[in-house]
Amino acid sequence: MKSVVEHLQNASRRLKRERPGMSLRAVAGRLDISPSYWSKILRGERALSKALLPRVVKVLAMDVQQVAELQRCILQNIENEKLAPATGLNTQTEQRSPVADYKEMGTPDFWMLEEWFHIPILNALTLSAQPTIDEIARRLKIGVGSVNLSVAKAIAAGFLIRTAGGQLKRTDLQVRFPTSRSHPAVRKFQGAMIGKALEAITAGKAADHFEERLISSVCFAGSKEKILAARLILEEAMYRAANLMAGEDQRETVYQLNVQLFPHDRKD
175 MKSVVEHLQN ASRRLKRERP GMSLRAVAGR LDISPSYWSK ILRGERALSK
225 ALLPRVVKVL AMDVQQVAEL QRCILQNIEN EKLAPATGLN TQTEQRSPVA
275 DYKEMGTPDF WMLEEWFHIP ILNALTLSAQ PTIDEIARRL KIGVGSVNLS
325 VAKAIAAGFL IRTAGGQLKR TDLQVRFPTS RSHPAVRKFQ GAMIGKALEA
375 ITAGKAADHF EERLISSVCF AGSKEKILAA RLILEEAMYR AANLMAGEDQ
425 RETVYQLNVQ LFPHDRKD
């Protein structure tokens, strides 16, 4: 598990890459603390206080998974530094997040979400028997030109490399695109994938593929106060399922897992 300082440093660097104006001084100003005090927190010389935590999460634009990891780390520190010495017990109750090994992409990489097939193409290239460009195009039902263009862009952006033997290889097998607010590229990608899910249950051979998919839903009346906790449960469950299936030695198919949680009775 990363330390609190590592989480804060990573979030600060990511914010600076995406918003160059957010210097250490600018972030400190948003936090209403001195730059020197914020610098000491980032170096681990001062602890992140409970009162400051909510502002830090908001100013650094941390998404629900990043916040959960930070909270787990803080709780682990409390247990190791205070509870264990007081009781003589070290329970090691660390709960590793299923997204811990995923590399976080920034907004400059969100071009990957502009077309629904960019990410499936990357995953197709990790299948045990790597398909050719023509085979990928046939599997995804898109043009060969679209696949070639996607591969070229992925190579230029560093998502793919070509080995000495000419084979395409992903540089990072696990990536995610965290957002703390709505983003047009994300909306476009998710909308396209919801459309793909609709195709999966309306296609002519949908009944034959029932055991290969799970398209389910539940409608309920709930509390807005619990929405962040519910989102964390759903997102982590989604990544756990992906890690389970992707961890097998044999990979034959590219899957898509969508989760939708939205209000029916919006007042606006």
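Using our numbering, read the sequence shown as starting at 175 and increasing by one per residue. Using N, Cα and C, we set each Cβ at its ideal position, and we do this for glycine too. Please read these numbers as outputs of a predicted model, since none were measured by experiment.
Looking at the structure shown, is ILE335 part of a helix, part of a strand, or coil, going by DSSP? strand
Which word fits ALA326, buried or exposed, when buried means at least 16 other C-beta atoms lie within 10 angstroms of its C-beta? So ALA326 ends up on the exposed side.
For ALA404 and TYR429, the rounded distance between their alpha carbons: For TYR429 and ALA404, the distance between alpha carbons rounds to 24 Å.
Looking at C-alpha atoms only, which residue of GLN434, HIS438, ALA221, ILE329 is the closest neighbour of VAL178? ALA221
Excluding sequence positions up to five away, which residues of its chain have a Cβ less than 6 Å from the Cβ of SER391? none
LEU431, DSSP secondary structure in three states: coil
LEU263 by DSSP, collapsed to three states: which one? The predicted model places LEU263 with a pLDDT of 49, which falls under 50 and marks its position as unreliable; any figure quoted below should be read in that light. Correct three-state label for LEU263: coil.
Are the beta-carbon atoms of LEU216 and SER186 separated by less than 8 Å? yes
Integer Cβ distance of LEU435 from LEU408, believed to fall under 8 Å: Under the criterion of beta carbons closer than 8 Å, LEU435 and LEU408 qualify as touching, at roughly 6 Å.
In chain order, what residues of the same chain have a beta carbon less than 7 Å from the beta carbon of GLY218, not counting five sequence neighbours either side? VAL179
Exposed unless 16 or more other CB atoms sit within 10 angstroms - verdict on SER271: buried
Taking just the CA atoms, how far does ASN417 sit from ILE307? 26 Å
Cα-Cα separation between PHE284 and VAL360, rounded to whole angstroms: 8 Å
Could you check which residue in PHE363, ARG414, PHE333 has the C-alpha nearest to that of VAL349? PHE333
Apart from the five residues on each side of it in sequence, which residues of its chain come closer than 7 Å, Cβ to Cβ, to ILE248? If we look at ILE248 and ignore the five residues flanking it on each side, its Cβ neighbours are VAL178.
When you compare each of GLY340, PHE363, ASP423, ARG193 to TRP290 by their alpha carbons, which one comes out closest? When C-alpha distances from TRP290 are compared across GLY340, PHE363, ASP423, ARG193, the shortest belongs to PHE363.
For ARG350, which residues does DSSP report across the bridge? GLU278
Collapsed DSSP secondary structure at LEU287 in the structure displayed: If DSSP states are grouped into helix, strand and coil, LEU287 belongs with the helices.
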